[in-house]
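**Student:**
Numbering (full-length UniProt numbering), first residue to last: 1 to 125.
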């Protein structure tokens with residue numbers, strides 16, 4: 001299955017990305033089928049070849065979440081953006097999976113009398 005991906009390039013701390021069409025399971029720095037444009041995240045500039053992007057979308061290539069948001073920003077896709085990065089608080093409250101575990105931690109267990117003290121009390125009587 002083909003995917004529209006962001007392929008990282010550039011030096012350390014100076015990332016730039018190529019927008020490419022590649023196999024979904026291929027490495028990000030591996031072979032790609034077609035080059036669709038570029039993105040500079042620091043200056044927030046980008047350039048896309050819209051005709052090529054529309055062609056690959058019609059053929060069946062599916063964009064990754066970050067590529068989808070870039071295509072929305074470029075006006076190629078008329079859909080809402082996808083939340084790519086989520087914080088721990090919003091993810092845990094949305095799932096509700098951690099809520100019972102957190103409630104169990106906050107409840108204190110009743111204090112039990114140690115066994116040795118219980119035996120001493122019975123002997124004293």
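In this text, a Cβ means the ideal position worked out from N, Cα and C, and glycines have one as well.
From a predicted model like this one, the values you see are computed outputs, not experimental measurements.
Quick test of your reading: residue 5 and residue 67, contact by CB under 8 Å. State the CB separation rounded to the nearest angstrom.
**Tutor:** Here residue 5 refers to the residue found at position 5 of the chain shown. Here residue 67 refers to the residue found at position 67 of the chain shown. Going by Cβ atoms, the distance from residue 5 to residue 67 rounds to 6 Å, so yes, they are a contact pair.
**Student:** Relative to the alpha-carbon of residue 23, which residue among 13, 17 and 7 has its alpha-carbon at the smallest distance?
**Tutor:** Here residue 23 refers to the residue found at position 23 of the chain shown. Checked all of 13, 17 and 7; the closest Cα to residue 23 is 7.
**Student:** What number of angstroms, rounded off, separates the C-alpha of residue 1 from the C-alpha of residue 33?
**Tutor:** Looking up residue 1 in the chain shown gives position 1. Looking up residue 33 in the chain shown gives position 33. C-alpha separation (whole angstroms): 12 Å.
**Student:** Are residue 56 and residue 21 close, meaning C-beta to C-beta below 8 Å?
**Tutor:** Taking the first residue of the chain shown as position 1, residue 56 is located at position 56. Taking the first residue of the chain shown as position 1, residue 21 is located at position 21. Going by C-beta atoms, residue 56 is nearer than 8 Å to residue 21.
**Student:** Using the Cβ count rule (16 or more neighbours within 10 Å means buried), how would you classify residue 83?
**Tutor:** For this step, residue 83 is matched to residue 83 along the chain shown. Its Cβ having fewer than 16 others within 10 Å, residue 83 is exposed.
**Student:** Are the beta-carbon atoms of residue 40 and residue 16 separated by less than 8 Å?
**Tutor:** Taking the first residue of the chain shown as position 1, residue 40 is located at position 40. Taking the first residue of the chain shown as position 1, residue 16 is located at position 16. By the CB criterion at 8 Å, residue 40 and residue 16 fall inside the cutoff.
**Student:** Just how far apart, CA to CA, sit residue 60 and residue 48?
**Tutor:** Along the chain shown, read from residue 1 onward, the residue named residue 60 stands at position 60. Along the chain shown, read from residue 1 onward, the residue named residue 48 stands at position 48. Roughly 18 Å separates the two Cα atoms.
**Student:** In terms of residue numbering, what span does the beta strand (DSSP E) encompassing residue 128 cover?
**Tutor:** What is shown of the chain runs 1 to 125, which leaves residue 128 out entirely.
**Student:** So which of 13, 29 and 58 has the shortest CA-CA distance to residue 76?
**Tutor:** Looking up residue 76 in the chain shown gives position 76. Residue 58 is the option with its Cα nearest to residue 76.
**Student:** Could you check if residue 28 is buried or exposed, using at least 16 other CB atoms within 10 Å of its CB as the buried criterion?
**Tutor:** As a first step, residue 28 must be located in the chain shown, where it is residue number 28. Looking at its Cβ environment, which holds fewer than 16 other Cβ atoms inside 10 Å, residue 28 is exposed.
**Student:** For residue 80, is the classification buried or exposed, using 16 other Cβ atoms within 10 angstroms of its Cβ as the cut-off for buried?
**Tutor:** Taking the first residue of the chain shown as position 1, residue 80 is located at position 80. Here residue 80 is exposed. Its C-beta has fewer than 16 other C-beta atoms within 10 Å.
**Student:** Sort 50, 86, 30 and 14 by Cα distance to residue 43 and report the nearest one.
**Tutor:** As a working mapping, residue 43 is identified with position 43 in the chain shown. Closest by alpha carbon: 14.
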